[in-house]
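Novice: The structure's right below; bear with me while I get my questions together.
2 protein chains.
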Amino acid sequence: MKIGIVGGTGDIGEGMSRRLSSRYDVILGSREADKAHTTSECTIDLLKQRGFKSSCTGVSNQEAVSAADVIILAVPFKHLESTISGLSGFEGKIVVSPVNPMEKKDFFTIVPPPEGSAALLVNKLLPGARVVTAFNTIAANRWKDLDAEIDVAVPVCSDDADAKLVIMGIVNGTSMLKAYDAGPLAVSAMIESLTPLLLNIARYNKMHDVGIKFV
Amino acid sequence: MKIGIVGGTGDIGEGMSRRLSSRYDVILGSREADKAHTTSECTIDLLKQRGFKSSCTGVSNQEAVSAADVIILAVPFKHLESTISGLSGFEGKIVVSPVNPMEKKDFFTIVPPPEGSAALLVNKLLPGARVVTAFNTIAANRWKDLDAEIDVAVPVCSDDADAKLVIMGIVNGTSMLKAYDAGPLAVSAMIESLTPLLLNIARYNKMHDVGIKFV
């Protein structure tokens with residue numbers, strides 16, 4: 559399976575490429591294809607040093623969308639709409655939103671768009687795409703640090719049952735992540751709220767990169 | 559310390575009385591004082607059978623508010639405003655909101671009031687009260703079942719630092735609950751969103767009474 563990462567040279571995207579490229583063909587996209595190429599070479603080298611083969615290619619965001627079966631939107635909420643509107647060819651493809659519309663004031667807070675959530679905004683902007691919410695609460699450091707497994711829960715929601723199963727499979731095959739079906743795409747509003755809550759928990763309890771488990 | 563439970567004959571309130579009355583003086587309130595009296599006698603009997611002494615008194619909601627140092631509002635969101643507006647004497651007291659404004663459509667969803675959360679509504683309705691959000695995600699069955707410890711995380715938020723510490727102390731002294739400081743009262747919107755998310759996780763993964771841990 560070919561997984562395209564839009565915004566693949568950001569912290570989250572780069573971390574995802576390290577975890578996913580030993581099992582899947584990762585096509586890392588960026589506004590600057592050169593930068594994506596450099597990041598993909600680094601990922602391959604890093605995994606090679608650890609004795610893993612990997613498949614990672616650095617291209618433009620548009621090429622990543624065009625070539626991939628599954629596209630992960632690893633972009634901050636403030637760049638989500640402008641990034642998507644400059645790209646095409648999402649129809650029929652699975653599009654994963656790990657995006658959390660949040661702000662830091664005195665504390666971290668959720669600031670959803672009028673659609674109700676980042677994923678619902680993506681769903682409106684990309685008619686014909688099979689939108690799935692996943693990976694929202696995993697900190698970039700956890701993606702990147704290959705010395706530690708990521709042993710947390712990942713709630714996944716979508717209105718497309720088959721697309722949801724595909725993404726839950728990818729989640730369950732990545733480190734020690736455990737996927738939970740959270741229901742239809744509208745539940746994304748509650749999933750996206752988790753991330754600012756976890757950032758507040760980290761801040762006020764002197765913790766780092768807090769994740770969740772369901773018990 | 560005297561803990562008053564408004565709505566103490568509901569499932570959550572009755573469960574709380576079982577867990578709290580061996581350590582604190584619980585004053586169980588209800589619209590019908592007779593019913594509160596019966597429930598409190600049951601709690602005392604149940605704990606006696608298990609070899610625990612307990613302190614539990616059943617009274618009217620108003621008497622519970624008047625007599626207690628800490629007041630827990632164990633009422634469904636739909637009855638929150640009408641219940642509070644019929645009571646007085648909250649000034650200077652710690653008022654705990656475990657209330658989640660939610661609805662079940664095809665799935666469970668959060669339906670916050672214009673103030674942003676149930677706790678922020680309580681804060682508006684009760685000027686002078688020291689409002690704290692806590693205990694939102696603990697299912698009634700977990701409160702009630704004394705055969706099992708409740709080993710979950712409890713995010714706690716408030717604008718009153720001292721009141722927050724008092725409640726975190728009560729949380730940490732109850733079963734195996736672990737309190738986390740989640741920040742100011744505005745974070746209650748994100749904490750209240752957890753409960754419908756957990757209900758969706760339970761429903762779509764065939765689980766029961768799902769709680770959270772922070773890892």
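Sequences listed follow chains A and B, in order.
Following our numbering, the numbering of the first sequence begins with 559 at its first residue and continues without gaps.
Following our numbering, the numbering of the second sequence begins with 559 at its first residue and continues without gaps.
All residues carry an ideal CB built from backbone N, CA and C; glycine is no exception.
Between residue 709(A) and chain B, is any beta-carbon pair separated by less than 8 Å?
Specialist: Yes, because at least one Cβ of chain B sits closer than 8 Å to the Cβ of residue 709(A).
Novice: Strictly by DSSP, which residues pair up with residue 518(A)?
Specialist: Nothing can be reported for residue 518(A): it is not among the residues displayed for chain A, which extend from 559 to 773.
Novice: Between the stretch 740-768 of chain A and chain B, which residues of the former have CB atoms less than 8 Å from a CB of the latter, in chain order?
Specialist: Listed by position, the residues of the stretch 740-768 of chain A near chain B (Cβ gap below 8 Å) are 740, 741, 742, 744, 745, 747, 748, 749, 751, 752, 754, 755, 756, 758, 759, 761, 762, 763, 765, 768.
Novice: Could you please tell me which residues of the stretch 632-650 of chain A, in chain order, have their CB closer than 9 Å to any CB of chain B?
Specialist: Here the close residues number zero.
Novice: List, in order along the chain, the chain A residues whose C-beta lies closer than 9 Å to that of residue 772(B)?
Specialist: The contacting residues are 756, 759, 760, 763, 765, 768, 769, 770, 771.
Novice: Measure from the C-beta of residue 713(B) to each C-beta in chain A and report whether the shortest distance is under 8 Å.
Specialist: True, the Cβ-Cβ gap to chain A drops below 8 Å.
Novice: In the DSSP output, which residue or residues are listed as bridge partners for residue 564(B)?
Specialist: Per DSSP, 631(B).
Novice: Which bits of chain A does residue 667(B) rub up against, with CB to CB less than 9 Å?
Specialist: The contacting residues are 744, 745, 747, 748.
Novice: Run through the DSSP bridge pairs and tell me what residue 667(A) is partnered with.
Specialist: According to DSSP, residue 667(A) bridges with 661(A).
Novice: Pick helix, strand or coil for residue 759(B), following the three-state DSSP scheme.
Specialist: Correct three-state label for residue 759(B): helix.
Novice: Within a Cβ cutoff of 6 Å, which residues of the same chain sit near residue 774(A), ignoring the five residues on either side of it in sequence?
Specialist: Residue numbering for chain A in the displayed model covers 559 to 773; residue 774(A) lies beyond these limits and cannot be assessed.
Novice: So for residue 710(B), helix, strand or coil by DSSP?
Specialist: Reduced to three states, the DSSP call for residue 710(B) is coil.
Novice: Find the nearest neighbour of residue 741(B) within the set 691(B), 696(B), 756(B), 760(B), judged by alpha-carbon distance.
Specialist: The option with the nearest alpha carbon to residue 741(B) is 691(B).
Novice: DSSP three-state label for residue 736(B), please.
Specialist: In this structure, residue 736(B) counts as strand in the three-state DSSP scheme.
Novice: Quick one: any contact between the stretch 624-634 of chain B and the stretch 563-572 of chain B, if contact means 3 or more CB pairs under 8 Å?
Specialist: These segments touch.
Novice: Please check the pair residue 623(B) and residue 650(B), which I expect to be a contact at CB under 8 Å, by giving their CB distance rounded to whole angstroms.
Specialist: Not really, about 12 Å apart at Cβ, beyond 8 Å.
Novice: What are the residues in the stretch 563-591 of chain A lying within 9 Å of chain B by C-beta distance?
Specialist: Correct list: empty, as no residue qualifies.
Novice: Tell me whether residue 709(A) is buried or exposed, calling it buried when 16 or more other Cβ atoms sit within 10 Å of its Cβ.
Specialist: The residue is exposed, with fewer than 16 neighbouring Cβ atoms inside 10 Å.
Novice: Looking only at its chain, what residues have a beta carbon closer than 6 Å to the beta carbon of residue 707(B), apart from the 5 residues adjacent to it on each side?
Specialist: Excluding sequence neighbours, residue 707(B) sits near 733, 734.
Novice: Who does residue 583(A) pair with in a DSSP beta bridge?
Specialist: Note: residue 583(A) sits in a beta bridge opposite 560(A), 613(A).
Novice: Pick out whichever of 562(A), 731(A), 737(A) has its Cα sitting closest to the Cα of residue 531(A).
Specialist: The structure shown does not extend to residue 531(A), since chain A spans only 559 to 773, so no value can be given for it.
Novice: Comparing the CB of residue 624(A) with every heavy atom of the ligand FMN, is any distance shorter than 7 Å?
Specialist: Although the ligand FMN was asked about, the structure shown includes no ligands whatsoever.
Novice: Using the rule of at least 16 other Cβ atoms within 10 Å of the residue's Cβ for burial, across every protein chain shown, is residue 675(B) buried or exposed?
Specialist: Its Cβ being crowded by 16 or more others within 10 Å, residue 675(B) is buried.
Novice: Please determine, among 589(B), 689(B), 664(B), 685(B), the residue with the shortest C-alpha to C-alpha distance to residue 720(B).
Specialist: Per the Cα distances, 689(B).
Novice: With a threshold of 8 Å between beta-carbons, can residue 705(B) be considered close to chain A, or not?
Specialist: Output row for residue 705(B): interface = no.
Novice: Pair every Cβ in the stretch 605-623 of chain B with every Cβ in the stretch 574-581 of chain B, then say whether three or more of these pairs are closer than 8 Å.
Specialist: Contact holds: three or more Cβ-Cβ distances are below 8 Å.
Novice: Let me see if you follow: with CB-CB separation under 8 Å, is residue 603(A) close to chain B or not?
Specialist: No, no contact with chain B.
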